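Structure record follows, encoded as structure tokens.
In the working numbering, the protein residues as written are 35 to 433.
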């Protein structure tokens with residue numbers, strides 16, 4: 035096994051030469067792109083510095099300084115760009131395996147052969163919106179992975195490239211294919227979504243880590259360890275549970291849930307939580323307005339029955355958005371996140387219903403969230419929450 039963490043001072047063999055960086059930004063009403071072939075550079079509006087250092091692993095960051103007297107809008111930071119000919123991995127590129135990390139829990143996450151192409155099923159705009167948080171450039175054919183990837187050739191060293199910080203920007207690693215059936219570019223980008231950079235202010239990209247080794251699975255473990263260390267990830271004990279979603283898909287009822295709970299107890303299934311997923315509420319945002327046709331006895335009753343059966347009740351909730359059909363949306367328009375034109379910001383479509391993001395900077399929204407989770411936990415008795423953000427929270431950590 036080649037040590038996937040590079041020794042002190044060792045150059046990163048397959049990648050760190052013939053590289054570029056770029057910043058896409060908007061100034062004076064124009065979208066501009068400044069490319070950085072050298073370590074540092076500047077134009078009339080910005081100064082850019084690429085920070086590269088080697089130690090336990092090779093790391094790269096991009097720093098942008100607003101040199102102008104007016105705010106600029108930073109759209110994207112291309113931390114690293116490598117031409118296809120400079121990506122020195124062994125074997126024909128069609129034999130490389132590219133790990134694709136998904137964006138959210140429904141998104142594909144698997145290794146695919148480059149020769150398999152860019153298959154997406156179903157190949158619809160709705161699917162792409164759900165699973166790709168940033169659009170591909172017009173005409174581009176790319177394999178895209180969120181936060182990190184490992185590229186594994188059939189022989190020789192594999193390549194790990196991943197953002198090991200995730201504080202402010204969404205990171206993407208992409209392998210762009212050319213029309214000549216080759217690799218056009220290898221990219222590592224941070225999306226800053228129009229961040230307003232004030233005069234003389236600096237913006238730093240997330241930190242990109244690069245390493246190589248002969249075991250691609252071990253490289254993925256290295257990435258997880260690096261990310262956890264950099265972001266001070268908390269360690270949680272493993273737990274088990276059964277979730278209504280993956281059988282009922284929102285069609286669950288009180289009767290069906292209790293029937294499954296009784297069977298779980300009858301067979302002494304080794305699970306801790308019973309998670310009541312989407313389908314109990316009337317609308318996204320109206321979490322305390324329970325659908326009486328599906329859950330006639332209420333959610334507190336259901337939590338108590340789950341506890342009587344020897345399990346711990348858990349609940350799905352999407353607390354940071356309001357459905358267009360919800361009372362929350364109609365009664366509190368000032369709570370909705372708005373874009374520069376004053377239009378509500380679409381978070382996602384929930385079975386055809388637009389759901390708009392809540393403005394979490396509004397004090398009333400913060401108070402509402404605290405009261406909501408106090409009711410769900412202390413009032414109803416749910417001990418664990420599965421938010422739509424897919425970050426699972428135990429009640430004692432949030433209330």
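Cβ coordinates follow ideal geometry from the N, Cα and C atoms, glycine included. As the structure is a computational prediction, the values presented were derived from the model and not from experiment.
In the structure shown, residue 400 adopts helical secondary structure according to DSSP, grouped into three states. Residue 262 is not bridged by DSSP to any residue. The Cβ-Cβ distance between residue 231 and residue 112 does not fall below 8 Å. With at least 16 other beta carbons inside 10 angstroms of its own, residue 195 counts as buried. Within the stretch 250–328, the beta strand (DSSP E) runs of at least 3 residues that lie entirely inside it are, in chain order, 275–277 and 307–310. Ranked by how close their Cα comes to the Cα of residue 183, the residues 138, 394 and 143 have 143 in first place. Residue 212 is classed as exposed because its beta carbon has fewer than 16 other beta carbons within 10 Å across all chains shown. Distance from the CA of residue 310 to the CA of residue 381, rounded to the nearest whole angstrom, comes to 22 Å. Between the stretch 60–70 and the stretch 78–90, the count of C-beta pairs closer than 8 Å reaches three or more; the two stretches touch.
Taking C-beta atoms as the reference points, residue 347 and residue 280 fail to come closer than 8 Å. Of the residues assessed, residue 265 falls on the exposed side of the cut-off, its CB having fewer than 16 other CB atoms within 10 angstroms. Only residues of its own chain outside the window of five on either side were considered, and among them 147, 148, 149 and 215 have a CB closer than 8 Å to the CB of residue 128, listed in chain order. Per DSSP, residue 334 is one residue of the alpha helix (DSSP H) stretching across 333–342. Between the stretch 267–276 and the stretch 238–249, the count of C-beta pairs closer than 8 Å stays below three; the two stretches do not touch. DSSP places residue 107 within a strand segment (E or B) once states are collapsed to three. Shortest Cα-Cα distance from residue 52 to any of 92, 121, 59 and 396 involves 121. Taken through DSSP and simplified to helix, strand or coil, residue 369 comes out as helix.
In the structure shown, residue 161 adopts helical secondary structure according to DSSP, grouped into three states. With respect to the 8 Å criterion, residue 393 and residue 387 are not classified as neighbours on the basis of their beta carbons. Residue range 204–211 is occupied by the beta strand (DSSP E) that includes residue 205. Remark: C-beta atoms of residue 124 and residue 187 approach each other more closely than 8 Å. Taken atom to atom, the span from the alpha-carbon of residue 376 to that of residue 368 is near 11 Å.
Counting only residues of its own chain and dropping the five nearest sequence neighbours on each side, residue 329 has a CB closer than 8 Å to the CB of 287, 288, 314 and 336. Ranking 322, 391, 358 and 372 by CA distance to the CA of residue 413 puts 322 first. Inclusion of residue 245 and residue 91 in the CB contact set at 8 Å is warranted, their separation being smaller than that value. Counting every other CB atom within 10 Å of its CB across the protein chains shown gives residue 159 a total below 16, marking it as exposed. In this structure, DSSP gives residue 183 an extended state, which the three-state scheme calls strand. Between the alpha carbons of residue 252 and residue 320 lies a distance of about 45 Å. The three-state secondary structure of residue 119, taken from DSSP, is helix. Rounded to the nearest whole angstrom, the CA to CA distance from residue 301 to residue 332 is 26 Å.
Residue 127 sits in a helix when the DSSP states are folded into three classes.
The alpha-carbon separation between residue 94 and residue 312 amounts to approximately 41 Å. Distance from the CA of residue 179 to the CA of residue 169, rounded to the nearest whole angstrom, comes to 13 Å. Straight-line measurement puts the Cα of residue 162 at about 31 Å from the Cα of residue 274. Annotation for residue 220: the continuous beta strand (DSSP E) segment containing it runs 217–231.
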